[in-house]
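J.:
In this note's numbering, the protein residues as written are 250 to 347.
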């Protein structure tokens, strides 16, 4: 999708300093359904990488957050009038513009 990242209630970032948000699901040893029955909500780890910090070792990590997988990320898709509500567990990465 192309558009503009609008925000997420669990992620605070500075667009001037952050280039990319990378989302990955936190794996558990047991089945998710068993954890869900016990009241555990699956988690997603969000890695925030610094803008302009590319080197041969990769990007520099700016911050990390662990959020519930059902967290909604607000995103304005190009050409749309309203923000889309996208579950965090369906996102791979978001590249931010300034």
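Ideal Cβ positions, reconstructed from N, Cα and C, are used throughout, including at glycine.
Do residue 300 and residue 347 count as a contact pair if the criterion is CB distance below 9 Å?
T.: yes
J.: With burial defined as no fewer than 16 other Cβ atoms inside 10 Å of the residue's Cβ, what is the status of residue 306: buried or exposed?
T.: exposed
J.: Between which two residues does the beta strand (DSSP E) harbouring residue 313 extend?
T.: 310-317
J.: For residue 333, does the three-state DSSP call read helix, strand or coil?
T.: strand
J.: Quick one: Cα of residue 331 to Cα of residue 259, how far?
T.: Whole-angstrom Cα-Cα distance: 21 Å.
J.: Are the beta-carbon atoms of residue 325 and residue 255 separated by less than 9 Å?
T.: yes
J.: With respect to the beta strand (DSSP E) encompassing residue 271, which residues constitute its N-terminal and C-terminal limits?
T.: 267-274
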